[in-house]
Amino acid sequence: MPEDAEAGDAAPSTMEVAPSALPLPETSAEPTLPHPDPMVPGHGVGDSLAVSIVGRGPQSTVVAPPTDEPNTGIVSGRANKDHEDAIRACDAALRDREAAVTECDTAIQERDRAVRMRDEMSDDRDTAYGQRDTAIRAQIELAHERDAAIGKRNEAIRDRDIANKATAEAMASEEVVRIELHCIAHALIPFRKGEAYPVSSLSLIGSDAFAVAHAEVERLASDLTVVLLRDLGVTPSDNSGQLPGQLIQGVEALRRRADEALFHGVHRAFAVARSHYSNIALDELTQGYPADYTDAELDQIEEEVEPFARTLVERIEGDEPDQKSLSRS
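Under the working numbering, the residue at position 91 of the sequence shown is numbered 1224, and the numbers go up by one with no gaps.
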(Lines of atoms letter the chains of each structure in order from A and count residues from 1; the text may use other names and numbers.)
(Lines give C-alpha, C1' and ligand atoms only; values in the text may rest on other atoms or scores of the structure.)
Protein backbone atom coordinates (compact mmCIF):
# COMPACT_ATOMS: atom_id res chain seq x y z
CA MET A 1 0.00 0.00 0.00
CA PRO A 2 1.48 3.45 -0.91
CA GLU A 3 2.40 5.58 2.06
CA ASP A 4 1.66 8.94 0.35
CA ALA A 5 -1.78 9.42 -1.18
CA GLU A 6 -1.31 13.06 -2.36
CA ALA A 7 -1.14 12.03 -6.02
CA GLY A 8 -4.69 10.80 -5.77
CA ASP A 9 -4.13 7.54 -7.67
CA ALA A 10 -5.16 5.09 -4.89
CA ALA A 11 -5.95 1.50 -5.72
CA PRO A 12 -9.47 0.86 -6.75
CA SER A 13 -10.08 -1.58 -3.83
CA THR A 14 -9.16 1.06 -1.24
CA MET A 15 -12.18 2.55 0.56
CA GLU A 16 -11.86 6.19 1.57
CA VAL A 17 -13.30 7.21 4.94
CA ALA A 18 -14.26 10.81 5.56
CA PRO A 19 -12.69 12.65 8.46
CA SER A 20 -16.10 12.89 10.12
CA ALA A 21 -16.35 9.09 10.15
CA LEU A 22 -13.10 8.56 12.08
CA PRO A 23 -12.53 11.67 14.20
CA LEU A 24 -8.95 12.34 15.27
CA PRO A 25 -7.94 13.84 18.59
CA GLU A 26 -7.20 17.55 18.45
CA THR A 27 -4.06 17.28 20.58
CA SER A 28 -2.22 15.08 18.13
CA ALA A 29 -1.41 15.63 14.55
CA GLU A 30 -1.18 11.91 13.94
CA PRO A 31 -4.31 9.80 13.84
CA THR A 32 -4.92 7.14 16.54
CA LEU A 33 -5.17 3.60 15.21
CA PRO A 34 -7.44 1.03 16.83
CA HIS A 35 -5.78 -1.75 18.96
CA PRO A 36 -5.57 -4.94 16.93
CA ASP A 37 -7.88 -7.72 18.10
CA PRO A 38 -6.20 -11.17 17.80
CA MET A 39 -9.59 -12.85 17.43
CA VAL A 40 -10.46 -10.78 14.34
CA PRO A 41 -8.96 -12.01 11.10
CA GLY A 42 -6.23 -9.67 9.94
CA HIS A 43 -5.73 -8.15 13.45
CA GLY A 44 -3.48 -10.83 14.95
CA VAL A 45 0.17 -10.57 15.85
CA GLY A 46 2.33 -10.75 12.74
CA ASP A 47 -0.44 -9.56 10.41
CA SER A 48 0.36 -6.35 8.49
CA LEU A 49 -1.74 -3.36 9.44
CA ALA A 50 -3.73 -2.73 6.26
CA VAL A 51 -4.77 0.83 7.24
CA SER A 52 -3.51 3.82 5.20
CA ILE A 53 -3.49 7.45 6.28
CA VAL A 54 -3.96 9.86 3.39
CA GLY A 55 -2.78 13.42 3.94
CA ARG A 56 -1.59 15.19 7.09
CA GLY A 57 -3.22 17.36 9.69
CA PRO A 58 -6.94 17.88 9.99
CA GLN A 59 -7.40 17.12 6.36
CA SER A 60 -5.83 13.62 6.59
CA THR A 61 -7.88 10.65 5.59
CA VAL A 62 -7.76 7.11 7.04
CA VAL A 63 -8.12 4.41 4.46
CA ALA A 64 -9.45 1.11 5.91
CA PRO A 65 -8.32 -2.19 4.41
CA PRO A 66 -10.63 -4.07 2.17
CA THR A 67 -12.90 -6.61 3.83
CA ASP A 68 -15.10 -9.40 2.64
CA GLU A 69 -17.76 -8.83 5.34
CA PRO A 70 -20.27 -6.14 4.62
CA ASN A 71 -20.56 -5.26 8.33
CA THR A 72 -17.44 -5.20 10.52
CA GLY A 73 -19.53 -4.93 13.74
CA ILE A 74 -21.00 -8.36 13.15
CA VAL A 75 -17.51 -9.78 12.65
CA SER A 76 -16.29 -8.19 15.90
CA GLY A 77 -19.26 -9.57 17.88
CA ARG A 78 -18.78 -13.01 16.45
CA ALA A 79 -15.07 -12.83 17.29
CA ASN A 80 -15.88 -11.83 20.88
CA LYS A 81 -18.36 -14.69 21.15
CA ASP A 82 -15.78 -17.11 19.79
CA HIS A 83 -13.26 -15.69 22.26
CA GLU A 84 -15.67 -16.19 25.15
CA ASP A 85 -16.48 -19.69 23.92
CA ALA A 86 -12.77 -20.42 23.77
CA ILE A 87 -12.34 -19.08 27.33
CA ARG A 88 -15.28 -21.18 28.54
CA ALA A 89 -13.85 -24.21 26.74
CA CYS A 90 -10.50 -23.50 28.37
CA ASP A 91 -12.17 -23.19 31.79
CA ALA A 92 -14.05 -26.43 31.15
CA ALA A 93 -10.79 -28.08 30.15
CA LEU A 94 -9.17 -26.77 33.35
CA ARG A 95 -12.09 -28.07 35.40
CA ASP A 96 -11.82 -31.42 33.62
CA ARG A 97 -8.10 -31.47 34.31
CA GLU A 98 -8.67 -30.63 37.99
CA ALA A 99 -11.34 -33.36 38.16
CA ALA A 100 -8.91 -35.79 36.53
CA VAL A 101 -6.19 -34.77 39.01
CA THR A 102 -8.66 -35.24 41.88
CA GLU A 103 -9.63 -38.65 40.55
CA CYS A 104 -5.95 -39.51 40.17
CA ASP A 105 -5.28 -38.45 43.79
CA THR A 106 -8.28 -40.51 44.92
CA ALA A 107 -7.00 -43.49 42.95
CA ILE A 108 -3.54 -43.06 44.50
CA GLN A 109 -5.07 -42.89 47.99
CA GLU A 110 -7.13 -46.00 47.30
CA ARG A 111 -4.01 -47.73 45.98
CA ASP A 112 -2.07 -46.75 49.12
CA ARG A 113 -4.98 -47.97 51.25
CA ALA A 114 -5.01 -51.26 49.34
CA VAL A 115 -1.24 -51.59 49.81
CA ARG A 116 -1.61 -50.99 53.56
CA MET A 117 -4.42 -53.53 53.74
CA ARG A 118 -2.28 -56.00 51.80
CA ASP A 119 0.63 -55.45 54.20
CA GLU A 120 -1.68 -55.86 57.20
CA MET A 121 -3.11 -59.05 55.72
CA SER A 122 0.44 -60.28 55.07
CA ASP A 123 1.36 -59.58 58.70
CA ASP A 124 -1.80 -61.33 59.90
CA ARG A 125 -0.99 -64.27 57.65
CA ASP A 126 2.55 -64.50 59.03
CA THR A 127 1.17 -64.31 62.57
CA ALA A 128 -1.34 -67.05 61.76
CA TYR A 129 1.44 -69.20 60.32
CA GLY A 130 3.51 -68.68 63.46
CA GLN A 131 0.56 -69.58 65.69
CA ARG A 132 -0.12 -72.64 63.57
CA ASP A 133 3.50 -73.80 63.84
CA THR A 134 3.43 -73.23 67.60
CA ALA A 135 0.22 -75.24 67.88
CA ILE A 136 1.73 -78.05 65.80
CA ARG A 137 4.83 -78.16 68.02
CA ALA A 138 2.66 -78.16 71.13
CA GLN A 139 0.57 -80.97 69.66
CA ILE A 140 3.71 -82.99 68.93
CA GLU A 141 5.00 -82.43 72.47
CA LEU A 142 1.63 -83.46 73.89
CA ALA A 143 1.72 -86.59 71.73
CA HIS A 144 5.18 -87.45 73.07
CA GLU A 145 4.03 -86.84 76.64
CA ARG A 146 0.96 -88.97 75.99
CA ASP A 147 3.09 -91.79 74.61
CA ALA A 148 5.41 -91.55 77.63
CA ALA A 149 2.41 -91.61 79.98
CA ILE A 150 0.99 -94.62 78.15
CA GLY A 151 4.35 -96.38 78.45
CA LYS A 152 4.52 -95.65 82.18
CA ARG A 153 0.95 -96.83 82.59
CA ASN A 154 1.74 -100.08 80.79
CA GLU A 155 4.81 -100.59 82.98
CA ALA A 156 2.70 -99.94 86.07
CA ILE A 157 0.12 -102.46 84.84
CA ARG A 158 2.85 -105.05 84.27
CA ASP A 159 4.33 -104.38 87.72
CA ARG A 160 0.87 -104.65 89.24
CA ASP A 161 0.23 -107.95 87.49
CA ILE A 162 3.60 -109.28 88.63
CA ALA A 163 2.91 -108.15 92.20
CA ASN A 164 -0.55 -109.71 92.14
CA LYS A 165 0.89 -112.94 90.83
CA ALA A 166 3.62 -112.94 93.48
CA THR A 167 1.06 -112.18 96.19
CA ALA A 168 -1.16 -115.01 95.02
CA GLU A 169 1.78 -117.40 94.95
CA ALA A 170 2.86 -116.26 98.42
CA MET A 171 -0.64 -116.72 99.79
CA ALA A 172 -0.87 -120.16 98.23
CA SER A 173 2.54 -121.11 99.63
CA GLU A 174 1.54 -119.86 103.08
CA GLU A 175 -1.62 -121.88 102.96
CA VAL A 176 0.28 -125.01 101.97
CA VAL A 177 2.84 -124.42 104.75
CA ARG A 178 0.09 -124.11 107.32
CA ILE A 179 -1.47 -127.36 106.23
CA GLU A 180 1.89 -129.13 106.16
CA LEU A 181 2.76 -127.89 109.65
CA HIS A 182 -0.59 -129.10 110.90
CA CYS A 183 0.06 -132.50 109.37
CA ILE A 184 3.55 -132.69 110.83
CA ALA A 185 2.48 -131.60 114.32
CA HIS A 186 -0.58 -133.76 114.70
CA ALA A 187 -0.16 -136.43 112.02
CA LEU A 188 -3.77 -135.93 111.02
CA ILE A 189 -3.04 -136.46 107.34
CA PRO A 190 -0.01 -138.28 105.94
CA PHE A 191 2.05 -135.59 104.17
CA ARG A 192 3.17 -136.29 100.69
CA LYS A 193 5.10 -133.75 98.72
CA GLY A 194 3.20 -132.27 95.83
CA GLU A 195 -0.23 -133.20 97.21
CA ALA A 196 -2.73 -130.38 97.34
CA TYR A 197 -4.76 -129.76 100.46
CA PRO A 198 -8.04 -127.92 100.35
CA VAL A 199 -8.38 -124.76 102.35
CA SER A 200 -11.58 -126.13 103.86
CA SER A 201 -9.48 -128.59 105.88
CA LEU A 202 -8.42 -125.69 108.08
CA SER A 203 -11.85 -125.71 109.61
CA LEU A 204 -10.96 -129.07 111.20
CA ILE A 205 -8.07 -127.46 113.07
CA GLY A 206 -8.85 -125.88 116.42
CA SER A 207 -7.16 -122.98 118.14
CA ASP A 208 -5.08 -125.34 120.29
CA ALA A 209 -3.75 -127.09 117.21
CA PHE A 210 -2.75 -123.74 115.70
CA ALA A 211 -0.93 -122.80 118.89
CA VAL A 212 0.98 -126.07 118.87
CA ALA A 213 1.79 -125.64 115.17
CA HIS A 214 2.99 -122.09 115.77
CA ALA A 215 5.30 -123.24 118.56
CA GLU A 216 6.64 -125.99 116.33
CA VAL A 217 7.30 -123.51 113.55
CA GLU A 218 9.20 -121.24 115.91
CA ARG A 219 11.31 -124.18 117.11
CA LEU A 220 12.09 -125.23 113.55
CA ALA A 221 12.94 -121.66 112.59
CA SER A 222 15.25 -121.37 115.60
CA ASP A 223 17.03 -124.61 114.72
CA LEU A 224 17.38 -123.51 111.09
CA THR A 225 18.78 -120.15 112.17
CA VAL A 226 21.35 -121.85 114.37
CA VAL A 227 22.46 -124.04 111.47
CA LEU A 228 22.75 -121.03 109.14
CA LEU A 229 24.75 -119.06 111.70
CA ARG A 230 27.20 -121.90 112.11
CA ASP A 231 27.57 -122.12 108.32
CA LEU A 232 28.27 -118.39 108.27
CA GLY A 233 30.92 -118.78 110.95
CA VAL A 234 28.88 -117.05 113.65
CA THR A 235 28.49 -118.54 117.15
CA PRO A 236 24.74 -118.75 117.91
CA SER A 237 23.46 -117.07 121.05
CA ASP A 238 21.65 -119.03 123.74
CA ASN A 239 18.92 -116.38 123.69
CA SER A 240 16.55 -117.25 120.86
CA GLY A 241 15.46 -113.62 120.64
CA GLN A 242 18.93 -112.60 119.45
CA LEU A 243 19.12 -115.20 116.70
CA PRO A 244 17.34 -113.08 114.03
CA GLY A 245 19.75 -110.17 114.61
CA GLN A 246 22.73 -112.51 114.42
CA LEU A 247 21.35 -113.96 111.19
CA ILE A 248 21.04 -110.49 109.65
CA GLN A 249 24.58 -109.63 110.67
CA GLY A 250 25.82 -112.94 109.30
CA VAL A 251 24.09 -112.34 105.96
CA GLU A 252 25.61 -108.84 105.73
CA ALA A 253 29.04 -110.28 106.49
CA LEU A 254 28.48 -112.92 103.82
CA ARG A 255 27.52 -110.21 101.32
CA ARG A 256 30.66 -108.25 102.14
CA ARG A 257 32.80 -111.36 101.67
CA ALA A 258 31.07 -112.01 98.34
CA ASP A 259 31.80 -108.45 97.22
CA GLU A 260 35.41 -108.82 98.28
CA ALA A 261 35.68 -112.12 96.44
CA LEU A 262 34.20 -110.55 93.31
CA PHE A 263 36.63 -107.65 93.51
CA HIS A 264 39.49 -110.07 94.11
CA GLY A 265 38.56 -112.09 91.01
CA VAL A 266 38.17 -109.04 88.77
CA HIS A 267 41.39 -107.59 90.14
CA ARG A 268 43.28 -110.76 89.36
CA ALA A 269 41.73 -110.92 85.87
CA PHE A 270 42.93 -107.37 85.12
CA ALA A 271 46.36 -108.19 86.50
CA VAL A 272 46.60 -111.29 84.31
CA ALA A 273 45.56 -109.26 81.25
CA ARG A 274 48.18 -106.58 81.99
CA SER A 275 50.87 -109.24 82.55
CA HIS A 276 50.21 -110.68 79.09
CA TYR A 277 49.65 -107.36 77.27
CA SER A 278 51.60 -104.49 78.79
CA ASN A 279 50.08 -101.90 76.44
CA ILE A 280 46.46 -102.94 76.99
CA ALA A 281 44.04 -100.04 77.59
CA LEU A 282 42.57 -100.90 80.99
CA ASP A 283 40.33 -97.82 80.98
CA GLU A 284 38.60 -99.16 77.87
CA LEU A 285 38.05 -102.51 79.59
CA THR A 286 36.27 -100.75 82.44
CA GLN A 287 33.68 -99.44 79.93
CA GLY A 288 32.40 -102.97 79.31
CA TYR A 289 31.44 -104.33 75.92
CA PRO A 290 31.93 -102.15 72.83
CA ALA A 291 28.77 -100.65 71.41
CA ASP A 292 29.25 -102.07 67.90
CA TYR A 293 28.46 -105.68 68.91
CA THR A 294 25.02 -107.22 68.72
CA ASP A 295 23.50 -109.30 71.51
CA ALA A 296 23.98 -112.47 69.49
CA GLU A 297 27.67 -111.72 68.96
CA LEU A 298 28.16 -110.99 72.66
CA ASP A 299 26.39 -114.24 73.60
CA GLN A 300 28.73 -116.14 71.29
CA ILE A 301 31.79 -114.43 72.80
CA GLU A 302 30.62 -115.23 76.35
CA GLU A 303 30.04 -118.84 75.38
CA GLU A 304 33.54 -119.10 73.89
CA VAL A 305 35.32 -117.67 76.97
CA GLU A 306 33.21 -119.54 79.56
CA PRO A 307 35.57 -122.56 80.01
CA PHE A 308 38.60 -120.27 80.27
CA ALA A 309 36.81 -118.17 82.85
CA ARG A 310 36.04 -121.26 84.94
CA THR A 311 39.69 -122.30 84.79
CA LEU A 312 40.81 -118.86 85.98
CA VAL A 313 38.19 -118.86 88.76
CA GLU A 314 39.40 -122.25 90.01
CA ARG A 315 42.96 -121.00 90.14
CA ILE A 316 41.87 -117.81 91.91
CA GLU A 317 39.86 -119.82 94.48
CA GLY A 318 42.98 -121.77 95.40
CA ASP A 319 45.12 -118.65 95.53
CA GLU A 320 45.99 -116.85 98.73
CA PRO A 321 45.90 -113.05 98.70
CA ASP A 322 49.60 -112.81 99.57
CA GLN A 323 50.73 -115.40 97.02
CA LYS A 324 51.03 -115.41 93.27
CA SER A 325 50.13 -119.02 92.47
CA LEU A 326 48.62 -117.92 89.16
CA SER A 327 52.08 -118.00 87.66
CA ARG A 328 52.71 -120.64 85.07
CA SER A 329 54.32 -123.78 86.47
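Each residue gets a CB set at the ideal place from its N, CA and C atoms; glycine is no exception.
In this structure the region 1438–1454 lies against the region 1398–1409, because at least three pairs of beta carbons, one per stretch, are closer than 8 Å.
With three or more CB-CB distances shorter than 8 Å, the region 1351–1360 counts as touching the region 1368–1384. In the structure shown, Ser1209 falls within a helical segment according to DSSP collapsed to helix, strand and coil. Contact check for Leu1365 against Gly1378 fails: the beta carbons are separated by 8 Å or more. Taking all protein chains in view, the Cβ of Leu1415 is surrounded by fewer than 16 other Cβ atoms within 10 Å, so the residue is classified as exposed.
The C-alpha of Glu1450 lies about 23 Å from the C-alpha of Thr1419.
Cβ atoms of Leu1380 and Leu1362 come within 8 Å of each other, at about 6 Å. Judged by their CB atoms, Ala1424 and Ile1413 are not nearer to each other than the 8 Å cut-off.
DSSP, read as helix, strand or coil, puts Asn1297 in helix. Between Cys1223 and Arg1246, the alpha-carbon positions lie close to 34 Å from each other. A straight line joining the alpha-carbon of Glu1288 with that of Lys1298 spans about 15 Å. For Asp1416, the uninterrupted alpha helix (DSSP H) run begins and ends at Leu1415 to Leu1418, by DSSP.
Taken through DSSP and simplified to helix, strand or coil, Leu1275 comes out as helix.
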